[in-house]
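Asker: Numbered according to our numbering, the sequence shown spans residues 19 to 158.
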Amino acid sequence: MKLDGNEKESSIIESSALGDERGYLTVIEGQNTVPFDIKRVFYIYGTLPDIRRGFHAHYKTRQALISVSGNCKVYLDNTKRKMDVLLDSPTKMLILEPNDWHEMYDFSPDCVLLVLASHLYDSEDYIRDYDKFIKVYSQR
Ligand code: T46
């Protein structure tokens with residue numbers, strides 16, 4: 019699978035909470051709030067606190083991760099830096115670039131992790147072997 023030339027770094031975006039006496043509403047628009055067209059939406063929930071998931075990078079897929087309820091952490095490794103991000107607000111979004119090996123962990127029992135993706139599901143777009151990930155991304 020070919021890389022799509024995306025050399026961008028993952029980043030955090032804060033969106034606004036539009037609030038009134040009825041509660042809050044937060045808007046996410048493709049190509050506006052998130053820097054890609056949204057082709058797929060999925061959400062992760064009911065993950066126990068001692069479970070880690072992910073353990074892969076992508077070739078092409080860009081994603082936006084929002085913990086719309088509860089909280090969780092995401093470990094990121096793009097071969098040049100390693101960091102942990104806490105997703106603890108429905109207004110905080112991690113723009114996850116394909117070049118980051120990622121692992122999600124420390125899920126609170128009420129965590130619902132919403133994921134918006136730039137591509138349809140394709141198992142060939144995953145790099146699940148860490149040594150292969152280093153090979154693919156460290157030469158860039
Ligand atoms: C990612 C992180 C943040 C599908 O059939 N279609 C889909 O669109 C997705 C996302 C998954 N699946 C199947 C594949 C597996 O049999 O659902 C099962 C669980 O997926 P996976 O083990 O990949 O889940 P995570 O939590 O490790 O990773 C997911 C995404 O797959 C991945 O792209 O970046 O969330």
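Where is the CB? At the ideal position from N, CA and C, for every residue including glycine.
Whole angstroms is fine: what's the gap from proline 116's alpha carbon to leucine 105's?
Answerer: Looking up residue 116 in the sequence shown gives position 98. Looking up residue 105 in the sequence shown gives position 87. Approximately 18 Å between the Cα atoms of the pair.
Asker: In three-state DSSP terms, what is serine 126?
Answerer: Numbered from 1 along the sequence shown, position 108 holds the residue referred to as residue 126. DSSP places serine 126 in coil when its eight states are reduced to three.
Asker: Only counting runs of 3 or more residues, tell me where the beta strand (DSSP E) segments fall wholly within the region 44 to 121, in order along the chain.
Answerer: For the region 44 to 121, whole beta strand (DSSP E) runs of length 3 or above, ordered along the chain, are 58 to 63, 71 to 76, 81 to 87, 90 to 95, 100 to 105, 110 to 114.
Asker: Taking 8 Å as the cut-off, decide whether the C-beta atoms of cysteine 129 and tyrosine 42 are in contact.
Answerer: For the purposes of this step, residue 129 is taken as the residue at position 111 of the sequence shown. For the purposes of this step, residue 42 is taken as the residue at position 24 of the sequence shown. Against a cut-off of 8 Å, the Cβ pair of tyrosine 42 and cysteine 129 comes out as no contact.
Asker: Taking the continuous beta strand (DSSP E) assigned at aspartate 38, which residues delimit it?
Answerer: Start at 1 with the first residue of the sequence shown, and residue 38 comes out as number 20. 36 to 38 is the span of the beta strand (DSSP E), which, as asked, contains aspartate 38.
Asker: Is the CB-CB distance between alanine 135 and glutamine 81 below 8 Å?
Answerer: As a position in the sequence shown, residue 135 is number 117, starting the count at 1. As a position in the sequence shown, residue 81 is number 63, starting the count at 1. Yes. Within cutoff.
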